[in-house]
Every structure is written in C-alpha cells, then in structure tokens.
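Protein chains in written order, with our numbering: chain X, 20 to 230; chain V, 20 to 667; chain U, 14 to 362.
Ideal placement from N, C-alpha and C gives every residue a C-beta, glycine not left out.
Notes to accompany the following structure.
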C-alpha cells in the first residue's frame with residue numbers, strides 16, 4: 020500500500036513480553052515518519068515485558084497528532100506475534116471492520132502449563148478471530164524464524180508479514196531502509212532475510228485461499 | 020541514540036517522551052545529568068549518556084535517586100545546568116534533600132527534576148501522584164501533554180529554575196514517556212559554561228554561605244516568595260491553552276496526556292460546540308488569573324487528570340477564596356466520582372464520562388449489541404496471562420533453593436522481599452516465597468526488625484533478599500545496622516550483574532559507566548566481609564550445594580546478619596553477551612511421568628519455566644524451542660531425570 | 014478439589030498430625046514433594062494428586078493385614094503371637110568381626126552379605142552417610158539430596174565387602190526406604206535390605222497392586238526385619254520422645270511380614286533369634302549356612318515362648334493405645350486386624 024487510506028489509521032502490534040514487540044513498533048514508526056506520515060507510537064515497557072501481554076498503539080496520520088491510545092473499537096489493524104493476544108486485543112479494541120494478522124504459534128501462560136486454565140484450540144481461536152473481524156490472516160512466523168535457526172527473528176518476519184499483508188502504508192523498501200539504518204553486516208543480512216520470508220508467508224497464505 | 024544531539028533546528032524527529040526530554044535538556048544547555056533507573060523514566064539517562072562523550076557533558080547512573088539529585092544540585096550550585104529524572108518513588112527518596120534545598124536555593128546553573136508517574140502502577144510497587152511535592156515545597160511544576168511539549172518545557176524549565184532559584188519539576192506519566200510523537204527540534208546552545216562554586220570562604224569578610232540551610236524560618240518564608248516570581252510568567256504562558264466555544268456548557272480542566280484523551284473524546288462524541296478544554300501546562304503555582312478567566316465561561320467544570328485531584332483541589336481552593344465574587348459552579352471530577360480516583364485514564368473513559376454528563380450516549384465505534392455480546396463470550400476462551408520470570412532466569416533457581424531450604428528447616432521461615440525482577444517472588448513465578456515487599460531496601464530493613472524479636476519467642480528464619488543494584492541503592496546501611504545491632508537474618512543478594520527490570524543499566528558492581536566506558540568495580544563480597552559479616556557465595560543453578568549452604572546458615576545460631584551472595588548473570592545479559600545457548604534441552608517422553616504419582620507435573624505446574632509446556636495429547640511435558648534458552652536448570656529438578664541436557 | 018483431598022495432605026492429617034508417624038520413610042523420597050530430614054517428614058511443595066503412593070504405602074494408613082498376609086505368604090493373617098514362622102533358630106555370623114561390628118550375633122549382616130556374594134540379589138538397599146556414592150539412585154528429592162555433613166543418606170551397596178559396616182551401623186534404618194523409593198523407574202534390580210517392622214509393612218503394602226507402584230516391590234527378594242528396640246537411631250537430633258510415642262501405636266514387634274525376622278538372642282549375647290517366614294527366606298538362610306556364613310542352633314522353647322509373650326504384649330498395648338486415641342473400641346485407626354484377633358487382644362488388656 021502506498022497511500023494512507025484512513026485518517027487516522029490505527030494499527031496495534033501485540034504479543035507477549037519478550038517477543039520483540041517494542042523493536043517492531045519502533046521500526047514501523049520510523050518507517051512511517053520517513054515516508055512523511057505523522058505517527059504516534061505508544062509502547063508497553065516495564066513489568067509486562069516479563070511474559071505479560073504487551074501492545075504498541077500506532078496511530079498513523081497525514082499530519083495530525085493523536086492521543087497515545089487507540090480508543091475501543093477503533094483498531095483498524097491488529098497484528099500479533101501470538102494468537103490468543105490477537106483475540107484479547109480484538110475484544111478490547113476491535114470492530115467488524117478490523118483486519119487481523121497473526122502469528123499462529125501459541126505462547127502458553129503459566130496458568131495453562133500448570134493446568135489451572137486451558138488454552139483454546141487453534142481452530143476455535145482462528146474461528147473467533149475470523150468471525151469478529153473483517154478478515155484474519157494466519158501465518159507461522161515462528162516456524163520461519165526457527166527455520167532460520169533462531170526464534171529471535173520472529174518479530175522481523177512479522178514485519179515482513181505486515182508489509183506483505185498490505186494493511187498499512189508501508190512497502191518493502193521502507194522497512195528495508197530502517198533495518199539498514201539500524202543493523203549492519205551479517206545481522207542486517209539475516210534481518211533482511213527474515214523480512215522477505217515474512218512477505219513470502221503472506222503470499223503463500225493468500226495463494227492458499229485464506230483471506 | 021543517534022541523532023538526538025543533531026544540530027538541525029526546524030527539522031522533525033519521531034521521539035518518545037523521554038527522548039524529547041533529553042533533547043529539551045540539551046537545548047536548555049544541560050551539562051550534568053544523574054539518575055537511578057525507574058520505569059517510566061529510565062530512558063532519559065540512557066539516551067543522554069549516548070551523546071555525553073560528543074557533547075562533553077557528564078552523565079551517570081547514580082546508586083540511588085538521592086545521590087543523583089544531590090549531585091545534580093551540586094552541579095547547579097557551580098553554575099552548570101543539571102537534570103535528574105526519576106520515577107514517582109524517586110521523588111519520595113529525595114524529599115528530605117528537597118525540603119532543605121528549597122531553603123538554600125539551587126544557584127545559577129538551574130536544576131530540573133523530571134518525575135515519571137506510573138498510573139495504574141503498571142511497573143511499580145505502588146501508585147502515587149508525585150505532583151504534591153511541588154505544592155508542599157514551593158517548587159514550580161510543568162506538565163507536558165506531548166513529546167513536543169516535553170522538549171519545549173524541559174528547555175524552559177532551566178530558565179524557570181534560575182528564576183526562582185529552586186528546582187523546577189517537569190512531570191510526565193507512562194503514556195507520555197513511552198509514546199513516540201513528532202518533535203520539531205530547536206537550537207542547541209553554542210556557549211559552553213565554566214563550573215565554579217561561587218560562595219567560598221572570604222577570610223576578610225567571613226559570612227555564612229547561601230548554600231547552607233539557616234536561619235530556617237526566614238528561609239522558608241523566602242522560598243514562598245521566590246516561587247511568586249514565576250507567577251506572572253505562568254500567567255502569560257502559551258502552554259496554558261483554551262479550545263472550544265466561548266461559553267461552553269462544560270469546561271474541562273486537564274493536564275498531561277489526559278488533554279489528548281479529552282480532545283479525542285470530544286471529537287468522537289461530536290461535542291465540539293458544547294465542551295471546551297482548558298489545558299494547564301504550568302500546574303503549580305496555579306496561574307490564578309488565567310484560571311479565573313476560564314472559570315467565568317461556564318458554571319460546569321470537569322477536572323480530568325491523573326492520578327490525584329491535584330489541579331481539582333488547587334482550583335477549588337482558589338475558587339473558594341474568591342468567595343461571592345465568583346458565581347457558584349458545579350465542580351465534577353474525582354471528588355464527585357465522575358473521574359476514578361485511581362488508575363490510568365483513557366479516551367474511552369473520558370468519553371463515557373462526557374457522555375453521561377452531557378447526555379450523549381457513548382457507544383463503542385462500529386459495534387452493535389450482537390457483536391459486543393458475541394465477542395465478549397468468545398473472548399472467554401483467552402486464558403489469563405500472568406507475568407513470569409524469563410526462561411533461564413537465575414532467580415527461579417534462587418527461589419527454588421529458598422523454598423526447599425525453608426520447608427526443610429521447618430520453622431516457618433520467610434522471605435522479606437524487595438524491588439526488582441525478583442519481586443515476582445510474590446506470585447507463582449517465584450513460588451509465592453516473597454512474604455513482604457515495600458520499597459528499595461525494604462526487605463533487609465524489615466528483616467532488621469524481625470531479626471531482633473528473640474525476647475518475644477520469635478524463632479522463624481528470616482531471609483531478606485535484594486538484587487545487586489538494589490544492594491548498592493539502599494541496602495548497605497541496613498546491613499551495617501544488622502551487623503551492629505546483631506539482628507538475626509540472612510541477607511541474600513541476588514547478583515545477576517544487572518539492573519534488569521528497568522532495562523540493564525549498569526551499576527557500581529558491573530564495571531561499566533553510563534557512557535559504556537570502563538568503570539571501577541565495587542567488590543560487593545569484599546564490602547560485606549569488611550563489615551564483619553559471614554559471607555558465602557553460591558550459584559543459584561547449583562540447587563543442591565546452595566540449599567545445603569543456606570540450611571547451614573539458617574542453623575547458625577550465633578545470630579547477627581549474615582550474607583549469602585547468589586551469583587549468576589541474568590539470562591538476557593548472558594544471551595546478548597554469549598550469542599548462543601549452553602544446552603539443547605529435550606524431555607524424554609518415555610521417561611516423563613507427567614500427571615502420575617511421583618511427579619504431578621512438577622516442572623510446569625510448580626517450577627514454571629515458560630520454556631516447558633504440556634503436550635496434552637501425549638500427556639507429557641515438552642520443551643518449547645521457541646522460548647527455551649537452553650540454560651539447563653530444569654534437568655536438575657525433574658524427579659525422573661526425564662529432561663535431557665546436551666551441551667550445544 | 015480442595016487441599017484436604019490431596020493425598021499428601023490427608024497423610025499429614027490422618028497420620029502425622031495424629032502422632033502416628035513412626036518416621037519409617039516409606040512416603041519420603043518417592044516423589045519430589047516429600048522428604049525426610051532431622052526427625053520430620055518434610056513437604057517441599059503442594060502435590061495436588063488425590064491418590065498417591067505416599068498415602069497408600071504408609072504403614073499407618075488403613076492396613077489390611079489379612080490382604081498383606083495373603084500377598085506375602087498366601088495365607089490369611091496368623092493369630093499366632095509372632096505371626097507366620099516356617100522355622101525358628103538361633104544363629105550367629107561365623108566371622109568374629111561381623112559379630113563385633115553388630116555388637117551381637119551379626120546374623121542380619123551375614124545373611125545379606127552372603128546373598129549378595131552368591132548373586133542371589135544384585136544390591137543391598139541401605140543407609141550411608143553424607144558424601145558416600147549413590148549409584149543407581151535418582152535422588153529424586155532435594156530433601157534427600159540436600160544433605161548436611163554427618164546426616165544419613167540412601168545407598169545401594171553392590172560390593173559385598175561394604176555390606177557389614179552399613180548393615181550394622183546404628184543408623185542403618187534411617188534411609189533404607191529412600192534407597193528403595195529412589196530407584197529408577199522400572200528398575201529390575203533384585204534387592205536385599207534390613208528394615209524395621211513398620212518399614213517392612215510399607216514395602217509389603219505395595220504388593221497387592223504392583224502396577225500402581227513406580228518401582229516394583231516384588232524386586233525386594235530378601236527382606237530382613239529386625240525387632241524394633243530402643244536402639245534404633247534415625248538421625249542426630251531426632252526427637253526421641255515423639256518417635257517413642259508413635260511407636261506405642263505399633264502392633265509388630267518382630268516384623269511379621271518379612272522374609273526373615275532377626276532379634277536379639279534372649280540371654281545369649283553373641284547370638285540372634287532368627288524366625289524364617291517365607292520360602293525365599295528359607296532359601297537364603299540355607300544358602301548362608303551352606304556357605305559357612307552363619308552358625309545355627311535350634312531355638313530353645315523357652316526363648317520362643319518369651320518372643321511370643323513380648324510380641325503379644327506389644328499387640329495388646331497397640332490396641333489399647335489406638336482405642337484411647339480414637340475414643341472408640343471399634344476404630345483402631347490404621348490397624349486392619351481381623352475382628353477375632355482384635356476381640357482377643359481387647360479382652361486381654
């Protein structure tokens with residue numbers, strides 16, 4: 020997508036503390052500003068980073084500044100590194116016109132592992148996400164990162180997914196530019212590879228007939 | 020952070036509030052910055068330190084906020100503009116210094132204190148509003164609403180401080196500190212200051228220095244008077260703005276990020292011609308004439324602020340003082356219950372309140388009843404997500420050792436806890452071992468009390484804990500006290516070579532300064548030994564050996580404080596340093612006993628490392644390779660030896 | 014499920030808090046939650062299982078002695094005062110050093126060493142002290158492995174030369190069940206061991222349902238019980254008072270469920286009274302005699318009579334004390350004795 024189609028476009032990037040949410044939001048914000056948009060990015064730092072739910076609110080505008088938090092029902096895009104978090108965010112901030120893009124690999128909270136709570140089946144989870152949104156794209160970004168040898172690349176893969184899903188005014192070059200500003204040498208190469216794998220994942224998901 | 024010191028006035032950058040504060044300080048000519056990490060303020064010093072060498076300014080991580088504020092004040096006395104940022108608790112810590120420095124004044128440099136409050140205590144042990152200290156101690160207070168504000172206000176704050184000859188406070192909250200917004204940069208100063216302490220002894224005309232507090236009554240009076248100097252400046256300030264109709268039905272008085280919530284709420288409900296917003300950027304002293312002018316617009320006032328009714332109270336006090344000369348009004352806010360008296364606010368909350376006051380029902384955009392009900396029902400499948408210690412965290416090992424040792428000992432021992440990642444000992448992450456937790460140094464402090472109740476039949480083992488950074492911050496005096504007053508407790512220092520919870524800032528024990536340069540390493544072990552305490556050093560991953568040492572120390576009836584250093588590098592620090600994992604882990608499903616007698620899911624139900632998950636189909640535990648960091652500790656707790664550990 | 018339903022908590026309520034726990038160690042070391050330290054059964058964390066070996070194998074939870082007797086001997090519980098006995102002897106170790114180490118006949122040590130040397134068993138489960146090796150043991154429980162110098166630790170002895178010192182030591186009973194409980198899953202090592210009567214009952218309680226046990230109790234091929242006497246020592250600092258009090262509820266002087274019961278030779282300092290009860294016990298006894306490890310004499314009738322009286326008196330005391338504990342003649346807490354035997358014992362008290 021080249022142009023901004025809504026004013027503001029509200030994008031929420033969510034996941035579990037420790038997955039690299041904050042870096043993602045930073046890169047997205049920077050890329051948007053370099054494209055000439057006005058963006059405000061509100062992150063969660065602190066204690067939630069220890070495995071709690073985290074989310075960054077990104078509000079994209081042509082030239083206006085908006086408050087740090089997306090109001091209820093006004094998320095246009097929910098992009099998550101963890102599928103249950105997508106539903107949690109959808110319930111807080113979504114509406115029938117929200118588009119959801121999520122990584123498929125669960126991160127099990129302590130209550131689930133200990134047997135005190137259950138994690139829903141992925142079928143139920145994706146079903147709910149589809150039913151209460153304008154569409155849900157599911158990709159296995161974790162698998163792509165593990166295939167690269169380190170789950171740490173999951174967040175950059177999801178940046179590629181964001182680009183490939185075409186739900187925000189960002190193209191591959193925009194993300195490649197901010198990655199190049201931030202990283203160097205072999206680390207940069209790997210991150211660019213992760214970005215491209217992400218773009219590829221969405222293409223594959225769409226070719227397979229998923230929305 | 021690259022570019023925060025760029026000399027390019029008029030250009031814009033996307034900065035988070037904390038970064039904007041740094042830019043504002045640089046534009047204000049800051050030469051000295053000292054801080055102790057505290058969410059949401061920590062990034063201020065980190066970012067400042069990244070440009071310190073280039074700009075030849077001094078930045079340091081101080082051992083605590085008190086030393087930081089005192090140091091910054093010292094720089095100001097010597098004519099160097101100084102900044103110290105802290106979280107709300109830091110304001111409490113520096114209060115005794117402040118109450119004295121307002122007696123002496125801060126001199127020609129200028130002292131700006133930034134406080135970062137944490138509404139809803141998202142990353143704090145308590146919730147509090149630090150603005151009161153300004154009213155209490157006659158200090159000017161500014162509240163930015165955006166990153167741009169933050170930059171402009173901090174720059175201005177140095178001038179204000181010099182004007183009133185006292186610290187100037189700038190108060191932010193989490194949502195300002197960590198939200199990125201566009202900031203237009205201003206000019207950087209060209210002049211470089213020289214440091215000199217002006218008020219030295221003149222043997223021909225000996226006189227008390229103005230930097231010593233006394234005579235006290237008169238100086239308190241003078242502090243009141245000096246504050247008044249800023250009133251006309253605040254009355255004229257462009258940071259206090261009104262937008263809306265001339266005579267609104269409802270006047271909203273607001274500050275900080277709540278301003279943005281109010282703007283968005285009014286737009287959402289279409290109340291632009293019914294409600295007006297008076298945004299106060301200079302919150303104390305109240306610019307009374309400006310406030311009066313706004314109050315005269317209407318008879319209905321709503322105060323929207325975080326966290327306490329600070330502005331609400333000040334305005335109502337002022338209004339009451341006007342007596343009959345101000346027509347009566349209806350004041351709504353925290354006192355009336357229209358705005359919650361605790362917690363963070365949001366656009367939604369403000370919209371709901373406005374809707375109920377102005378009779379415009381607030382509906383969540385785009386949702387009908389069927390969607391809301393259906394989604395609410397569906398969301399019940401999402402499990403709660405408690406926080407946990409990271410995979411590989413040494414504190415998990417430490418708490419396992421404490422739990423087992425205290426159980427084996429059997430005298431109902433307890434852990435008196437403190438502030439840091441290990442605070443998570445108060446929930447399942449640390450097996451609920453932590454039984455007290457208050458402030459920095461609170462654990463060993465409380466232990467000094469519990470440790471001197473022998474006369475009353477007290478015989479429960481007391482284990483006080485603190486991290487390495489907390490040790491330097493607050494615990495040393497309490498440890499001296501424990502040795503000197505022969506308090507019976509064991510002080511366990513969880514030394515993971517990091518100030519981890521706030522973002523891995525260095526401290527005196529790690530050998531690195533804020534700028535990244537090498538720094539002298541204070542030897543914690545030698546320091547404790549020098550106090551005459553028994554000191555043992557253990558590895559939190561050596562479960563058997565450490566439990567044994569701890570049991571031995573608990574059995575030691577000789578009394579007096581004794582020190583157990585649990586030393587192992589934080590996993591996140593180690594991973595960054597070593598780039599690779601020590602082990603590859605695997606649960607052998609044919610050996611794993613899972614739910615049956617002899618195990619009952621010990622590794623996931625009790626031990627709880629997030630790298631271990633339950634394979635429901637197989638009925639066995641499993642390693643989650645997307646989370647496991649390969650630390651290897653779980654292999655030592657599995658009762659069946661089903662967890663295999665292979666050197667990577 | 015509430016806390017009071019969990020097996021480990023029921024164990025605490027039904028046995029430990031009622032003062033019945035003899036510290037046999039049958040519950041401890043079988044899992045990561047329970048251990049034994051300094052005269053206490055220690056619980057390290059909350060096991061939420063409602064059914065557990067800790068409760069099931071405890072000799073002081075409901076023990077159906079008829080069922081156990083059938084499992085061990087193929088016969089119902091004997092009304093005879095000293096239980097089922099194939100043959101009764103007086104015996105001593107032929108080796109004078111063994112007798113000296115034992116401070117008496119040394120028959121137990123001689124029997125176990127001979128069985129190990131002959132390859133009839135693979136190991137002797139026993140108790141050592143902190144610092145000795147623990148081959149073959151999982152040390153599944155930190156309460157077991159968090160040792161303090163001088164404290165007892167579970168051992169598996171595979172070298173016959175090490176048997177005598179461990180099996181005659183004053184602390185020999187302290188961790189013998191921990192040694193059994195700590196075996197790897199599905200171990201098939203054939204074991205010999207010396208136990209107290211309560212420990213014997215704990216091991217035998219696993220027999221009726223071997224599938225429920227992690228380690229098969231049928232692996233214990235030679236179970237020698239020694240009479241419970243005041244000489245038993247579990248560990249330094251053990252509170253003798255409470256151990257004695259719990260022992261006042263015990264019915265079993267000689268270890269009636271063992272393969273062989275060994276007691277002091279009444280009036281004969283250097284000899285032991287040996288009651289052989291099972292075929293396995295008889296086989297081991299004969300093999301030891303043939304190998305010259307033990308010297309054997311017939312048991313004089315008056316000695317047997319003394320044994321029987323002492324055993325009978327202990328049963329009478331147990332029934333009386335249990336009745337006092339529960340407040341009811343028909344409620345004997347853990348003791349599942351056949352009714353006719355109880356009536357006789359109650360009549361005698």
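Exposed or buried, residue i, counting other C-beta atoms within 10 Å across all chains shown (16 or more means buried)?
{"i": "residue 72 of chain V", "result": "exposed"}
{"i": "residue 219 of chain V", "result": "exposed"}
{"i": "residue 133 of chain V", "result": "buried"}
{"i": "residue 253 of chain U", "result": "Reliability fails at residue 253 of chain U, whose pLDDT of 44 lies under 50, so the model's placement of it is uncertain and the value that follows must be treated cautiously. With fewer than 16 Cβ atoms within 10 Å of its Cβ, residue 253 of chain U is classed as exposed."}
{"i": "residue 14 of chain U", "result": "exposed"}
{"i": "residue 407 of chain U", "result": "Residue 407 of chain U lies beyond the residue range present for chain U, which begins at 14 and ends at 362; the question has no answer from this structure."}
{"i": "residue 48 of chain U", "result": "buried"}
{"i": "residue 548 of chain V", "result": "exposed"}
Give me the chain V residues within the contact set of residue i, using Cβ-Cβ distance strictly less than 8 Å, ordered along the chain.
{"i": "residue 170 of chain X", "result": "644, 645 and 646"}
{"i": "residue 123 of chain X", "result": "What residue 123 of chain X touches in chain V: nothing, since even the nearest Cβ is about 11 Å away."}
{"i": "residue 48 of chain X", "result": "33 and 199"}
{"i": "residue 200 of chain U", "result": "Those do not exist, as residue 200 of chain U stays about 12 Å from chain V at its closest Cβ, beyond 8 Å."}
Near residue i, which residues of its chain fall below 6 Å by C-beta distance, leaving aside the five closest residues on each side in sequence?
{"i": "residue 96 of chain X", "result": "30, 118 and 186"}
{"i": "residue 553 of chain V", "result": "581"}
{"i": "residue 488 of chain V", "result": "518 and 526"}
{"i": "residue 100 of chain U", "result": "289"}
Put residue i into one of helix, strand or coil per three-state DSSP.
{"i": "residue 594 of chain V", "result": "helix"}
{"i": "residue 340 of chain V", "result": "helix"}
{"i": "residue 168 of chain U", "result": "strand"}
{"i": "residue 510 of chain V", "result": "strand"}
{"i": "residue 142 of chain V", "result": "coil"}
{"i": "residue 419 of chain V", "result": "helix"}
{"i": "residue 65 of chain V", "result": "helix"}
{"i": "residue 282 of chain U", "result": "coil"}
{"i": "residue 223 of chain U", "result": "helix"}
{"i": "residue 49 of chain V", "result": "coil"}
{"i": "residue 275 of chain V", "result": "coil"}
{"i": "residue 121 of chain X", "result": "strand"}
{"i": "residue 35 of chain V", "result": "strand"}
Starting from the beta carbon of residue i, find every residue of chain V whose beta carbon is closer than 7 Å, and list them in chain order.
{"i": "residue 62 of chain U", "result": "616 and 619"}
{"i": "residue 205 of chain X", "result": "Simply none; closest approach about 11 Å."}
{"i": "residue 50 of chain U", "result": "427"}
Please return the same chain residues whose Cβ sits closer than 7 Å to the Cβ of residue i, not counting the five positions on each side in sequence.
{"i": "residue 611 of chain V", "result": "639, 640, 659 and 661"}
Name the chain U residues that come within less than 7 Å of residue i, Cβ to Cβ?
{"i": "residue 625 of chain V", "result": "58"}
{"i": "residue 429 of chain V", "result": "53 and 55"}
Name the chain U residues whose beta carbon is nearer than 8 Å to that of residue i?
{"i": "residue 426 of chain V", "result": "55, 56, 57, 58 and 156"}
{"i": "residue 610 of chain V", "result": "198"}
Against residue i, what residues of chain X qualify as contacts under a CB-to-CB distance less than 8 Å, listed in chain order?
{"i": "residue 650 of chain V", "result": "Under the 8 Å cutoff, chain X gives no residues; its nearest Cβ is about 15 Å from residue 650 of chain V."}
So which residues of chain X does residue i contact, with C-beta pairs closer than 9 Å?
{"i": "residue 257 of chain V", "result": "The contacting residues do not exist; residue 257 of chain V stays about 17 Å from chain X at best."}
Cutting at 8 Å between CB atoms, please list the residues of its own chain near residue i, excluding the five before and the five after it.
{"i": "residue 599 of chain V", "result": "667"}
{"i": "residue 592 of chain V", "result": "515, 516, 517, 519 and 523"}
{"i": "residue 21 of chain X", "result": "188 and 190"}
Using 8 Å as the threshold, is the stretch 183 to 197 of chain V in touch with the stretch 265 to 278 of chain V, meaning 3 or more CB pairs across them? yes
Taking three-plus beta-carbon pairs below 8 Å as touching, is the stretch 282 to 291 of chain U in contact with the stretch 94 to 112 of chain U? With a cut-off of 8 Å, the stretch 94 to 112 of chain U and the stretch 282 to 291 of chain U count as touching, because enough Cβ pairs lie within range.
Notebook entry, point to check: Are the stretch 389 to 402 of chain V and the stretch 418 to 428 of chain V touching, with three or more C-beta to C-beta distances below 8 Å?
Noted result: no
message = With three or more beta-carbon pairs closer than 8 Å as the criterion, would you say the stretch 401 to 409 of chain V touches the stretch 23 to 38 of chain U?
response = no
Three or more beta-carbon pairs under 8 Å between the stretch 427 to 438 of chain V and the stretch 481 to 498 of chain V, yes or no? yes
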